[in-house]
Amino acid sequence: MPELPEVEVVRAGLEPAITGSTVTGVRVFDERSLRRHDAPAEDFIDRLVGSTFGEPRRRGKFLWVPVSTGSTREDEALVIHLGMSGQVLLREPDAPLDRLTRISIDVAHPEHGSLRIDFVDQRIFGSMAIDALVESGDVPGDLVPSQVAHIARDPMDAHFDDARFFEKLARRNTGIKRALLDQTLISGIGNIYADEALWAARIHYDQPTPTLSRPRAKTLLAEVRLVLGKALAEGGTSFDAQYLNVNGESGYFSHSLNAYGQQGLPCPRCGRMIVREQFMNRGSHFCPWCQRVRTGR
DNA sequence: CCGGACTCCTGGTTGC
DNA sequence: TGCAACCAGGAGTCCG
7 MPELPEVEVV RAGLEPAITG STVTGVRVFD ERSLRRHDAP AEDFIDRLVG
57 STFGEPRRRG KFLWVPVSTG STREDEALVI HLGMSGQVLL REPDAPLDRL
107 TRISIDVAHP EHGSLRIDFV DQRIFGSMAI DALVESGDVP GDLVPSQVAH
157 IARDPMDAHF DDARFFEKLA RRNTGIKRAL LDQTLISGIG NIYADEALWA
207 ARIHYDQPTP TLSRPRAKTL LAEVRLVLGK ALAEGGTSFD AQYLNVNGES
257 GYFSHSLNAY GQQGLPCPRC GRMIVREQFM NRGSHFCPWC QRVRTGR
């Protein structure tokens, strides 16, 4: 379940390693990992081999690397989504392949030499694709892959508009966790950090958005940023320059979780038991005492 | 607009 | 010990 912090750690690790490198070979071991590429694997390989990587970018949980061929501008990108279990591993060219490697990309960097980028994914919810870069719409000259165009900016994005978010949130008529997980409203938040931020803000996951006051919404957004920022800081320190190994588990810093996966354990704030309920086909972890649905007044 | 159901998927864990 | 059932959920789509 890589969320914004885990994806950002991957992006930050890839940046110095692959920016400016040229693709020398691509192997697709499982075409299911190209689900979001709208042409056969041969097309994916043809468009990648010989092209040069630009600086890796990210929006929410989507990661992409602009590619250019010869004299052409960067009008396409390699789009990466880690899904539930995806990993991007940087390896020496002759290192053994992980058993679950779905796609492997060989690159040559003018200074760092040869390198292998392995896309490892157990559950194959993740994917790689080559996609056209299009204007993001809100900031002139800002390009995003077409399949990312509908994804909202994430709360760590300098262009994230707090006021607009509050307005859109207030107009929604749904439960707050559903809204937090809606990537078209705010991106980068998944099940873990949604539960953590709601716990920190003392808000029940099914609190109707119209009943959430502006101050409480502001508190929630602040807690979202705190939770993401903290995970980012911890993830950043565990990064090994030699290998990018950002998997769910290793990136999750379970020692710092207050609600997610803590069912049956005491709430770190009030000592009452954290419970887990099914909601939206996933688990919701919360403190029934600290996080109660609030009615009008 | 909203929510629910369904799809994709498999390794690790649990239960018998 | 062996095997089957179960579980995790990000994102897209479709339907009522």
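Everything in the first sequence is counted per this note's numbering, starting at 7 for the first residue and increasing by one. Backbone N, C-alpha and C fix where the C-beta goes; we use that ideal spot for every residue, glycine too. As the structure is a computational prediction, the values presented were derived from the model and not from experiment.
Please name the residue, chosen from 144, 233, 177 and 191, that lies closest to residue 158 on a Cα-to-Cα basis. The residue you call residue 158 lines up with position 152 of the first sequence. Closest option to residue 158, Cα to Cα, is 191.
Return yes when the Cβ of residue 262 is within less than 9 Å of the Cβ of residue 121, no when it is not. Along the first sequence, read from residue 1 onward, the residue named residue 121 stands at position 115. Along the first sequence, read from residue 1 onward, the residue named residue 262 stands at position 256. No, Cβ-Cβ distance for residue 121 and residue 262 is not below 9 Å.
Keeping to the same chain, check which residues put their C-beta closer than 6 Å to that of residue 181; ignore five residues upstream and five downstream. Numbered from its first residue, the first sequence carries residue 181 at position 175. Only 212 meet the Cβ criterion.
Length of the line joining the Cα atoms of residue 225 and residue 105: Position 219 of the first sequence, counted from the first residue, corresponds to residue 225. Position 99 of the first sequence, counted from the first residue, corresponds to residue 105. Between residue 225 and residue 105, the C-alpha separation is close to 44 Å.
Just tell me which of 163, 97, 166 and 152 has its CA closest to the CA of residue 19. The residue given as residue 19 occupies position 13 in the first sequence. Residue 97 is the option with its Cα nearest to residue 19.
I'd like to check one pair, residue 59 with residue 136: are the Cβ atoms closer than 9 Å? Within the first sequence, numbered from 1, the residue matching residue 136 stands at position 130. Within the first sequence, numbered from 1, the residue matching residue 59 stands at position 53. Taking 9 Å as the Cβ cut-off, residue 136 and residue 59 do not qualify as a contacting pair.
To the nearest angstrom, report how far apart residue 107 and residue 56 are at their CA atoms. For the purposes of this step, residue 107 is taken as the residue at position 101 of the first sequence. For the purposes of this step, residue 56 is taken as the residue at position 50 of the first sequence. Straight-line Cα distance between these residues: approximately 22 Å.
The stretch 138 to 145 / the stretch 155 to 170 touching (three or more Cβ pairs under 8 Å): yes
Give every residue of the same chain whose Cβ lies closer than 7 Å to the Cβ of residue 185, excluding the five residues on either side of it in the sequence, and list them in chain order. Here residue 185 refers to the residue found at position 179 of the first sequence. Taken in chain order, the residues that qualify are 175, 178, 191 and 215.
Tell me, which residues are paired with residue 290 by DSSP? As a first step, residue 290 is located in the first sequence; it is residue number 284 there, counting from the start. Answer is 283.
Three-state secondary structure (DSSP) of residue 74: For this step, residue 74 is matched to residue 68 along the first sequence. Looking at residue 74 - three-state DSSP - the assignment turns out to be strand.
Within this structure, are the beta carbons of residue 109 and residue 71 separated by less than 9 Å? Translated into the one-based positions of the first sequence, residue 109 becomes position 103. Translated into the one-based positions of the first sequence, residue 71 becomes position 65. In this structure, residue 71 does not lie closer than 9 Å to residue 109 by Cβ.
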